[in-house]
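See below for the structure under consideration.
Residue numbers (my numbering): 8 to 611.
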């Protein structure tokens, strides 16, 4: 047994947690997920043939306290009086059942005291079909003069997303530099070694154009992953690359996703034979997401300054607000137009001190460098960044594509804010899943808060060079420690069959040689409160029926002890997972404390 402390004293690290701990422990549940709505000024969005449908207008009637069909119909009558014989239809036609479910879900959160008010009324959105560009311009002017109309604007054009079978596929994991340690990478190993943080129990819904459902390394992406209507088949490689980053199979070939245990669902914002709408895709996909799940918006749209966040579109902004109020965490690609989101030309749309859709918006760095990719949006609204180029993932085939059938292709050149956003999405899913696995239900629920997650992302990561405007690159080690999801037990080495690995046990008190520790493991997790012990020391995270005491010892030097474990040289153990937890005993205070849990997934 090796009990000497290694890699420094962790007390300094724990000191940095005070601010976040105060938020986690002291903040009331009420109001945690509140948003601040922004509405474009009437007439501020002029028709532009480069960016807008020539013969479609989106109309939103004013918000009313009375959310009834009669109230909506009265306001729509004024719209019909101006529209005349032109076709007018609900923007969310065919999604009435989903809207009812969404409204009921938000109402239940209001009744429980979790929210102060409902989101924007999505039933007040309509689409008007015009006869020509001239008619579109005239109708925009006429509709925006109505008191019953909150906003009329030209409908956005479809915008492209920003970004093993024989023969044997080699492993490209070593080339996935974004999985590596900071500052270049996200330090995914730190997440993979914390129980729960591979994404267990969290569903991620990806919204974009299309995907392919038979890739050898994407077992989580199959035809039944699709929610709603069939996708149109365009930009399918893009979807395959996104899912590869998120949830690629953790096996011996190809790539590995950052959170391989998440459940993957997808919804198309440009379904086959239908019109393009991110807002409709959000409403379509929400029913498969529970509170604490994650939605990724792989979309961008034209702003007056170029391609930027899709929430520039009013319907998309309002749909995101409703998703946030339903308890879903939304991650949004920033867009590839190099737009300064703080520009006065955008009328304060992205001023977070005034308006907040709830989305976490992602910028892109120049690969692993600490500088902004030239195409990335930037500004104070950006919450985090990921790599924007040279991303190794599934899809496209420029790295490996022996069969030419889309089932075995890999790339080393994926990028854009599309490539950056899955990295941040996995970061969010990692935190949510680890909290569920390690904490009480009440404490884990506090992480379902876009403002808390935004605060963590903006404080605990790798800083970019000065004046880049894309926030931090998330550092999973810093995030897990700051969120107190790593507490008292750390895995120091990758667990490899036939080799040794080390775990470090750290006391939350100043130990003497009389004070002891016990290291335990089990093949399954549990999460139960131990009577007579106080939080956070009171969660037994190992399955009691299969728990095995591994080794005990005393603190001979300092407040930590490092224990070496020899992994049996048994190839049948490959991909087996074991979970570890320690208990420390302060004999002076007569107090025991259970640590957080670590996960070891054995590899050759």
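A virtual CB, placed ideally from N, CA and C, is assigned to each residue, including glycine.
Keep in mind it's a predicted model, so treat the numbers as computed, not measured.
Would you mind reading off the limits of the alpha helix (DSSP H) that contains residue 103?
-> Residue mapping note: residue 103 aligns to position 96 of the chain shown, counting from 1. Residues 103-118.
The segment 78-90 / the segment 148-156 touching (three or more Cβ pairs under 8 Å) = yes
Which parts of the segment 458-520 are runs of the alpha helix (DSSP H), unbroken and 4 residues or longer, counting only runs that do not cross its ends?
-> 483-489
Return the CA-CA distance between residue 496 and residue 49, expressed in angstroms with no decimal places.
-> As a working mapping, residue 496 is identified with position 489 in the chain shown. As a working mapping, residue 49 is identified with position 42 in the chain shown. Answer to the nearest angstrom: the Cα atoms are 56 Å apart.
Could you tell me whether the segment 503-510 touches the segment 403-414, where touching means 3 or more Cβ pairs closer than 8 Å?
-> no
Just the C-alpha distance for residue 604 and residue 377, rounded to the nearest angstrom, thanks.
-> Stepping through the chain shown from its first residue, residue 604 is reached at position 597. Stepping through the chain shown from its first residue, residue 377 is reached at position 370. Approximately 33 Å, taken between the alpha carbons.
Residue from 427, 347 and 588 with nearest C-alpha to residue 474 = On the chain shown, position 467 is the one that residue 474 refers to. Out of 427, 347 and 588, 347 has the C-alpha closest to the C-alpha of residue 474.
Given residue 591, which residues of its chain have a CB within under 6 Å of its CB, disregarding the five upstream and five downstream residues?
-> Walking along the chain shown from the start, residue 591 turns up at place 584. Within the same chain, residue 591 has close Cβ partners 514, 524 and 600.
Contact set for residue 172: own chain, Cβ-Cβ below 8 Å, skip 5 residues either direction | Indexing the chain shown from 1 puts residue 172 at position 165. The predicted model places residue 172 with a pLDDT of 44, which falls under 50 and marks its position as unreliable, so this point remains unresolved.
Residue 575, buried or exposed, once every other Cβ within 10 Å from all chains shown has been counted against 16 = The count along the chain shown starts at 1 and reaches residue 575 at position 568. The residue in question, residue 575, is exposed, as its Cβ has fewer than 16 Cβ neighbours within 10 Å.
Can you name, in chain order, every residue of its own chain whose Cβ lies under 8 Å from the Cβ of residue 609, other than the five neighbours on each side?
-> By one-based count along the chain shown, residue 609 stands at place 602. Correct list, in chain order: 502, 503, 504, 574, 580, 581, 582, 583, 584 and 585.
Is the segment 284-303 close to the segment 205-212, with three or more CB pairs under 8 Å?
-> yes
Segment contact, 8 Å Cβ cut-off, at least three pairs: the segment 482-490 with the segment 538-551 | no
Identity of the residue in 480, 565, 254 and 569 nearest residue 516 by Cα = Residue mapping note: residue 516 aligns to position 509 of the chain shown, counting from 1. With distances taken between Cα atoms, residue 516 lies closest to 565.
Across which residues does DSSP place residue 549 in a beta bridge pair?
-> As a position in the chain shown, residue 549 is number 542, starting the count at 1. Answer is 532.
What residue range is occupied by the uninterrupted beta strand (DSSP E) comprising residue 59?
-> Position 52 of the chain shown, counted from the start, is the residue given in the question as residue 59. From DSSP, the beta strand (DSSP E) with residue 59 extends over 59-68.
For residue 353 and residue 312, believed in contact at Cβ under 8 Å, the rounded distance = The residue given as residue 312 occupies position 305 in the chain shown. The residue given as residue 353 occupies position 346 in the chain shown. Correct: roughly 7 Å between the Cβ atoms.
If you draw a straight line from the alpha carbon of residue 327 to that of residue 169, how long is it in whole angstroms?
-> By one-based count along the chain shown, residue 327 stands at place 320. By one-based count along the chain shown, residue 169 stands at place 162. Rounded to the nearest angstrom, the two C-alpha atoms are 18 Å apart.
Are the beta-carbon atoms belonging to residue 333 and residue 112 less than 9 Å from one another?
-> The count along the chain shown starts at 1 and reaches residue 333 at position 326. The count along the chain shown starts at 1 and reaches residue 112 at position 105. In contact: residue 333 and residue 112 (Cβ atoms closer than 9 Å).
What three-state label does DSSP hand residue 558 in the structure shown?
-> Locating residue 558 in the chain shown gives position 551, where the first residue counts as 1. Three-state result, residue 558: strand.
Identity of the residue in 192, 41, 64 and 526 nearest residue 124 by Cα = Reading the chain shown from its first residue, position 117 is the one you call residue 124. Per the Cα distances, 41.
Report back the beta-carbon spacing between residue 306 and residue 292 to the nearest angstrom; my notes put them in contact at under 8 Å.
-> As a first step, residue 306 is located in the chain shown; it is residue number 299 there, counting from the start. As a first step, residue 292 is located in the chain shown; it is residue number 285 there, counting from the start. Contact flag wrong, Cβ pair sits at about 13 Å.
Is residue 363 helix, strand or coil when you go by DSSP?
-> Taking the chain shown and counting its residues from 1, one reaches residue 363 at position 356. Of the three classes helix, strand and coil, the one that applies to residue 363 here is strand, per DSSP.
Determine the contact status of residue 178 and residue 261, defining contact as a CB-CB distance below 9 Å.
-> What you label residue 178 is simply residue 171 of the chain shown in a count that begins at 1. What you label residue 261 is simply residue 254 of the chain shown in a count that begins at 1. Taking 9 Å as the Cβ cut-off, residue 178 and residue 261 qualify as a contacting pair.
Beta strand (DSSP E) segments (min. 3 residues) lying fully within the segment 204-228 = 210-215
What residue does the beta strand (DSSP E) around residue 598 start on, and which one ends it?
-> Taking the chain shown and counting its residues from 1, one reaches residue 598 at position 591. Unbroken beta strand (DSSP E) run through residue 598: 598-608.
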